[in-house]
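Chains as they are written, first to last, in full-length UniProt numbering: chain P, 1 to 623; chain E, 1 to 623.
Protein chains: 2
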Amino acid sequence: MSPKITTELLKQLRQVMKNPKYVQEPVQAYIVPSGDAHQSEYIAPCDCRRAFISGFDGSAGTAIVTEQHAAMWTDGRYFLQAAHQMDSNWTLMKMGLKDTPTQEDWLVSVLPEGSKVGVDPFIIPADQWKRMSKVLRSAGHDLVPVKENLINTIWTDCPQRPCKPLITLDLSYTGVSWRDKIVALRSKMAERKVMWFVVTALDEVAWLFNLRGSDVEYNPVFFAYAVIGMNTIRLFIDGDRMMDPAVREHLQLDSTLEPEFKIQVMPYGSILSELQAVGAGLSPKEKVWLSDKASYALTEAIPKAYRYLTPYTPICIAKAVKNAAETEGMRRAHIKDAVALCELFNWLEKEVPKGTVTEIIAADKAEEFRSQQKDFVELSFATISSTGPNGAIIHYKPVPETNRTLSVNEIYLLDSGAQYKDGTTDVTRTMHFGTPSAYEKECFTYVLKGHIAVSAAVFPNGTKGHLLDSFARSALWDCGLDYLHGTGHGVGSFLNVHEGPCGISYKTFADEPLEAGMIVSDEPGYYEDGSFGIRIENVVLVIPAETKYNFKNRGSLTFEPLTLVPIQTKMIDVNLLTEKECNWVNEYHQKCREVIGAELERQGRHEALRWLLRETEPLARVQ
Amino acid sequence: MSPKITTELLKQLRQVMKNPKYVQEPVQAYIVPSGDAHQSEYIAPCDCRRAFISGFDGSAGTAIVTEQHAAMWTDGRYFLQAAHQMDSNWTLMKMGLKDTPTQEDWLVSVLPEGSKVGVDPFIIPADQWKRMSKVLRSAGHDLVPVKENLINTIWTDCPQRPCKPLITLDLSYTGVSWRDKIVALRSKMAERKVMWFVVTALDEVAWLFNLRGSDVEYNPVFFAYAVIGMNTIRLFIDGDRMMDPAVREHLQLDSTLEPEFKIQVMPYGSILSELQAVGAGLSPKEKVWLSDKASYALTEAIPKAYRYLTPYTPICIAKAVKNAAETEGMRRAHIKDAVALCELFNWLEKEVPKGTVTEIIAADKAEEFRSQQKDFVELSFATISSTGPNGAIIHYKPVPETNRTLSVNEIYLLDSGAQYKDGTTDVTRTMHFGTPSAYEKECFTYVLKGHIAVSAAVFPNGTKGHLLDSFARSALWDCGLDYLHGTGHGVGSFLNVHEGPCGISYKTFADEPLEAGMIVSDEPGYYEDGSFGIRIENVVLVIPAETKYNFKNRGSLTFEPLTLVPIQTKMIDVNLLTEKECNWVNEYHQKCREVIGAELERQGRHEALRWLLRETEPLARVQ
């Protein structure tokens, strides 16, 4: 990787920062955050403004440009990558290190008195605006919204905002019609005494209307906002996608409907003015519900006294609890996904010894097998296909410069998943195609023990996922080992592979309690810099647990693995497992045989079936 | 318990709420919080203002009196007690229930427009003032400080503020001189660039100056504040305690000292005016460090721009990490405490079958045995001595009305501890003096498994205690059981039995990471309403752990039990224990034999020694 030369771009940016055509008053600093106007984790090329101005294209980072300086804040995952991708105009601000100033403190330290700091009010979340503007104001500066995005003014070949056709999902996929979702939402609104709800997250718009898109890679979403009133529905969306007869039919745009279910379609760009009109027309006690992560621009459209902000929206919470149709879809998707991976691992077992399979070839082959499955749409994230030392880079994605050949001497880690029309998958398996060392097996077995500890955990209804995180680490901790990432994240149903409001991580305290129907990943790991990486990940469904007693009638929960892909027994040191853990592995493999075996049979994939049967032989513990 | 009749008192209070002698303008509501001016958990009788006005004397509760209403907010532990102790003038506000309004919301709902809400600014913590006043202001009301405490104006027989003699602790107890503590504190202040530090918590003042008092029952503290500058030390304290030659010598009040170690002794009541003088004399960039829990009055004395507030003070954090002298003292205290409990349990074993031992008698006997030990000062909290159904009341304290006789048919739970000059103890044992049922043994064994899971846990340096909480619950959860309290709290060294900033609880996220030298309790339980309570509590010391590997060179920690009192093996269902757990019990009991056995021998307590030996016979697992 050679760094992007940004001298000319920075010069242009500094000019527009003073150009009255774009700014009311010159701004002495301009902030370029990572996100888009919907606070998406994955963004479209047209929203990669921070990568454009700096060259650094990691998933997290904020650039700030002043007259004299250009600085980039990013976290430990990206220190190396950012240093490689940025030229000497840029200073890297390593977040998480003790001496690294916050963006606010740094601004205060470098700006001349009474400076203006500009930012696109559509990109910065309201909570972040509040925090920054408070610090800046107390130091005599001003955070100011700059309506026109200044990066866009200098980004001459900026790609178009995608506007791809929509997919409609019928009841067999969603279980609930969009009308019933609107009814449920309005009842939540009535409970909280709010009159309006503003849908700003892309996956929430998609979920609410039972529509999917492909505007953002890996995430089946489309650019849109919605504003739901007690009697009105406004959908803000661009392009001729609303001309599609299937979409019109699905949304009943041409039917005679009760007025409260009539969808008014409006241009994507008119959200602000429409919301301002809503804000201006409110009578006392009429509240408007927004996520506290919604953009500053939209939040400001509603006068402060009328705002009702929550960290998680009712849609986010409802979306997380999958209904029977969604759960069944997720099961089907995971069966197909397992078939593809059985094919892949069988193929790798034959090909790796020849020395011709690289990380990229393996990732492509995984995609090829997946694409043969019914209702396959696309991958659900960039495949992490890594062998040997690359496995220790937790967010590794093979590129030609780093592409390594799989061999019988190194551990191979594959973290991959797909979007099917009936569900989203995300699975990690760690394999050895030769003979693993005793140490590799030992580490793998600790990770497996952690995986089982979470997967088999029984816990009371109402427990938050973060309380389970230590279960995944206990076996590693006993030996002085650990991993520096969370244990699990929520998974959407043919939606984003990462979704809130639940997860399993020591890092958060604000997650919503787990409840039956939620779906999360269980993915402990162990990484040894410069030598190997191990991770074992299943997607698991929260289900009611049968327990001997039932304290305070609360009921208990546990997990059922949806992922049904063999865990390589060759990597397990059976003597480190308890009897209970050993039984867990054997029962899991028995289920893989039954469910995936039947599907391999049905699809006539006999070689992969033989591989599956071989890989799921029961473990035997030496007593 | 019959309720306190408060009609006349409330009438008087409502009068002074309008009396220009006490209030600049009439206040339409007056808040009576639980605490004292130091945000103490345990308070002196003169500070029990909420109990005086309402009759309700639980440890947590806030009273609010308006012209029309009198309302009491308290939590689930006290719903019954508060209902019994208060007359019909009072409305009980059950905190934690969905429909219970917050104090602020309730005030907004009952007050006429533009009301004033009064509160003693010395009693309300600054963070709470901020939260309340914001809500009230946005509803058009005002929270106002009322200088004179209005309860005091009507409390004619209010006890005097205690002013008892001080105890000086030499280096053999404290390990570090107060001068060195001041030096260390100033270096922390220099690091954060603050010029002044205000010590408001009583245990922090006591710890800093290596002094102890007895102004508050169970907590060896005294009423005082301190203000530490980079070159000055001011101690605000009343009475002739500073005339005591031992204290003068200890604080070197009459020596020629470097000026920066010269202690200026000032009246307790002058803290506000002195602090206001400090506040008025600050030059730009001179910050003053306070706990964010300090009173509103003291916090306001420092202009906002000069305040540096943190949830935990540097003294709180330093105090939590015990040095070698303190650790050794804690060990000695726990040995003496175990001797007393061996005597008690041996005595109970003989006496209980006679049917003459009540909960109160047992508690008194425990105190008697403890008081025979060297350097015994007082109990460290009110003894929880409870049998049968009383054991299920987590914060039970036997009183004549509830006093139950111990029998061979019921479980007995004793949670007790003492202050010795060398350390503080807190231990819970659950015993059966007859034959426990299989179910009682089963529950006890789950609790024991949880206790061991925490005590034997190995975890990385830097881990926060709340991440260990689920370990204590896992065995209970597996069977659908749980307990509704945290698992552990910090313990002071001849100081408060509850102290921050660390602990083991699912309820907090803001605890400081555990480090070697910290001391916490490990006390899972199980409670069955109306029938029994089980809790097993040891005080444990955080120590470095030897591990096979050492990820990122972080090092690992584990716990060493300081409490060495047998865990009744009769209550254990050995077949529910793993081999590792069984070994833990046997090794623990072996250590009890060695350490406590030797001390019992030394003290010539032969019968108790025989009891100890009998109670610590190794468990044998049936394979």
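Note that beta-carbon positions come from the ideal geometry of N, C-alpha and C, so glycine has one too.
> What's the C-alpha gap between P/N586 and P/P618?
Replying inline: Cα atoms of P/N586 and P/P618: separation of roughly 5 Å, rounded to the nearest angstrom.
> Per DSSP, what kind of secondary structure is E/Q373 in: helix, strand or coil?
Replying inline: Correct three-state label for E/Q373: coil.
>> Comparing C-alpha positions only, which one of E/P311, E/T256, E/H38 and E/A340 sits nearest to E/A510?
In response: Comparing Cα positions, the closest option is E/P311.
> E/K548 touches chain P at which residues, Cβ-Cβ below 8 Å?
Replying inline: C479 and G480, listed in chain order.
>> So P/Y296 contacts chain A; which residues on that side make the cut at Cβ distance below 9 Å?
In response: In the displayed structure, chain A is absent; the protein chains listed are P and E.
> Which residues does DSSP pair with P/M72 in a beta bridge?
Replying inline: DSSP output for P/M72 lists P/A63 and P/L92 as bridge partner(s).
> What residues from chain P crowd round E/Y506, counting only those whose CB sits closer than 7 Å?
Replying inline: Result: L467.
>> Let's test the definition: count the other Cβ atoms within 10 Å of the Cβ of P/V183 and tell me whether it reaches 16, buried, or not, exposed.
In response: When all chains shown are included, P/V183 counts as exposed.
>> I want to verify the contact list: residues of chain E whose CB lies under 7 Å from the CB of P/P460, in sequence order.
In response: For P/P460, the C-beta contacts it makes with chain E under 7 Å involve W477 and D482, in order along the chain.
>> Just to confirm my understanding: we take P/R161, look at its own chain, exclude 5 residues before and 5 after, and list those with CB closer than 7 Å. What are they?
In response: Only A44, C46 and F223 meet the Cβ criterion.
> Tell me which same chain residues have a C-beta within less than 7 Å of the C-beta of P/A516, skipping the five on either side of it?
Replying inline: For P/A516, the CB contacts under 7 Å within the same chain, skipping 5 residues up- and downstream, are V542, I543, P544 and L557 in chain order.
> Would you report the Cα separation of P/F559 and E/G480, rounded to the nearest angstrom?
Replying inline: Each residue's Cα considered, the two are about 15 Å apart.
> So P/F52 packs on P/W155, CB below 8 Å; how close in whole Å?
Replying inline: Contact holds; Cβ gap of about 6 Å.
> In the structure shown, what three-state DSSP assignment does P/F444 receive?
Replying inline: The answer is helix: DSSP assigns P/F444 an H, G or I state.
> Is there contact here, the region 191-209 of chain E with the region 312-328 of chain E, by at least three beta-carbon pairs under 8 Å?
Replying inline: Counting Cβ pairs under 8 Å, three or more are found: they touch.
> Is there a Cβ from chain E that is less than 7 Å from the Cβ of P/S470?
Replying inline: P/S470 counts as touching chain E.
>> Please return the same chain residues whose Cβ sits closer than 7 Å to the Cβ of E/F376, not counting the five positions on each side in sequence.
In response: The beta carbon of E/F376 lies closer than 7 Å to those of R370, A418 and Y420 in the same chain, with the five residues before and after it left out.
> Can you find a C-beta in chain E that's less than 7 Å from the C-beta of P/S59?
Replying inline: Taking Cβ atoms only, chain E never reaches closer than 7 Å to P/S59, which makes this a no.
> Among P/F236, P/K98 and P/T66, which has the Cα closest to the Cα of P/L111?
Replying inline: The option with the nearest alpha carbon to P/L111 is P/T66.
> Per DSSP, E/W196 is paired with what?
Replying inline: In the DSSP secondary-structure assignment, E/W196 is bridged to E/G229 and E/V288.
> Who pairs with E/K464 in a beta bridge, going by DSSP?
Replying inline: BP columns for E/K464 point to E/P513.
> Would you call the region 8-28 of chain P and the region 168-185 of chain P in contact, with 3 or more CB pairs under 8 Å?
Replying inline: Taking a contact to require three or more Cβ pairs closer than 8 Å, the region 8-28 of chain P and the region 168-185 of chain P do not qualify as touching.
> Three-state secondary structure (DSSP) at P/V542?
Replying inline: DSSP places P/V542 in strand when its eight states are reduced to three.
> For E/V574, which three-state DSSP category applies?
Replying inline: In this structure, E/V574 counts as helix in the three-state DSSP scheme.
> Distance, Cα to Cα, E/R554 vs E/I384?
Replying inline: The straight-line gap from Cα to Cα measures roughly 40 Å.
> DSSP on P/Q590, reduced to helix/strand/coil?
Replying inline: Note: P/Q590 maps to helix in three-state DSSP.
> Of all the alpha helix (DSSP H) runs that stay within the bounds of the region 149-222 of chain E, which reach a length of 4 or more residues?
Replying inline: The region 149-222 of chain E contains these whole alpha helix (DSSP H) runs: 150-154, 171-174, 178-191 and 202-209.
>> Against chain P, does E/F79 count as a neighbour if the rule is that its beta carbon must be under 7 Å from one of theirs?
In response: Taking Cβ atoms only, chain P never reaches closer than 7 Å to E/F79, which makes this a no.
> Beta-carbon separation of P/S54 and P/M86 under 7 Å?
Replying inline: Contact flag set, yes.
>> Excluding the 5 residues flanking P/E579 on each side, which residues of the same chain have their C-beta closer than 8 Å to its C-beta?
In response: Within the same chain, P/E579 has close Cβ partners R621.
>> My parser needs the alpha helix (DSSP H) runs of 4 or more residues fully inside the region 359-424 of chain P; what are they?
In response: Qualifying alpha helix (DSSP H) stretches, in chain order: 359-371.
> For P/R77, which of P/R605, P/I361, P/L97 and P/T102 has the nearest alpha-carbon?
Replying inline: The residue with the shortest Cα to Cα distance from P/R77 is P/L97.
> Applying a beta-carbon distance threshold of less than 7 Å, which residues of chain E neighbour P/S109?
Replying inline: Those do not exist, as P/S109 stays about 14 Å from chain E at its closest Cβ, beyond 7 Å.
>> Is P/F509 close to chain E? Criterion is C-beta to C-beta, closer than 7 Å.
In response: Taking Cβ atoms only, chain E reaches closer than 7 Å to P/F509, which makes this a yes.
>> According to DSSP, simplified to helix, strand and coil, what is E/V497?
In response: In the structure shown, E/V497 sits in coil (DSSP, three-state: anything other than H, G, I, E or B).
> Within this structure, are the beta carbons of P/G488 and P/D522 separated by less than 7 Å?
Replying inline: One thing to note: P/G488 has its Cβ within 7 Å of the Cβ of P/D522.
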